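Have a look at the structure below, then the notes.
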Amino acid sequence: MRKRKKSDSHEFNVWRSYSDLMAGVLLLFVLLMCVTLFQAQKSYDESLKERDEKIALQEEYTLELLAKQSALEEKEGQLKNKDEKLKSQDEKLEEQKLLLAELAAKLKDQEATLSAQQTSLDEKTAQLKDQQRQIDKIIGVKAEVVESLRKEFSKNNVNVDIDAQTGALTLDANVMFDYDEATLTEEGKAA
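Residue 12 in our numbering sits at position 12 of the sequence shown, and the numbers go up by one each step.
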């Protein structure tokens, strides 16, 4: 029986080694698990940090987008105002075009009237020139008559003043007429 005890003790050693190996493997697994957990925690922390950075960046982009959107809305409002102004100016332009067309029609009518009046004026100017020539002839005849009267009175020694402008005859003061008479007295005839 002794042998048996020895073999029992020998067996006990194998199992002890085996249990040590198993404990070592378990410890290895625990260590691997701890390393994996630490790496997972580190990776989780990095992903949280990255997520926070992305959220901050997203908030920054959101703020930029909101600012750009408000600027865009403001520009859109300005564009609407300018569009309304442009429409009102287009309406005014159309009104002015209509007014211009009316004024052009009136101008054509006035040009036609002016042309007719110019033609009439030209005719009357021609008539006036013709009448002026006739008046000049008459004045020339009048001057000739005044000159021939002056010569005739000079030949007959009658002292008469003749106005060259009007052709008025002025007799000398010593020619005398009787009261209410048209014939010269003897003294007047002698003078």
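Glycine included, each C-beta is placed from N, C-alpha and C at the ideal position.
Bear in mind that the values here come from a model prediction, so they are computed numbers and not experimental data.
message: Using 8 Å as the threshold, is the C-beta distance between residue 153 and residue 160 below it?
response: Closer than 8 Å, so yes.
message: Distance check for residue 67 and residue 38, CA to CA, integer angstroms please.
response: Straight-line Cα distance between these residues: approximately 42 Å.
query: Just how far apart, CA to CA, sit residue 83 and residue 101?
result: Note on geometry: alpha-carbon atoms of residue 83 and residue 101 lie some 26 Å from one another.
- request: Indicate the three-state DSSP secondary structure (helix, strand or coil) for residue 161 in the structure shown.
  value: Assignment of residue 161 by DSSP, reduced to helix, strand and coil, places it in the strand class.
message: Closest to residue 148 by C-alpha separation, out of 135, 164, 181, would be which residue?
response: Just measuring C-alpha positions, the residue of 135, 164, 181 sitting nearest residue 148 is 164.
- prompt: Taking the DSSP output, what are the residues bridged to residue 170?
  reply: Answer is 161, bridged to residue 170.
- prompt: Apart from the five residues just before and just after residue 169, which ones in its own chain have a Cβ nearer than 7 Å to its Cβ?
  reply: Non-local C-beta neighbours of residue 169 in its own chain, meaning closer than 7 Å and more than five positions away in sequence, comprise 160, 162, ordered along the chain.
- prompt: How long is the line joining the alpha carbons of residue 104 and residue 96, rounded to whole angstroms?
  reply: Taking the straight line joining both Cα atoms gives about 12 Å.
- prompt: Under the DSSP definition of a beta bridge, which residues are partnered with residue 26?
  reply: DSSP lists no partner for residue 26.
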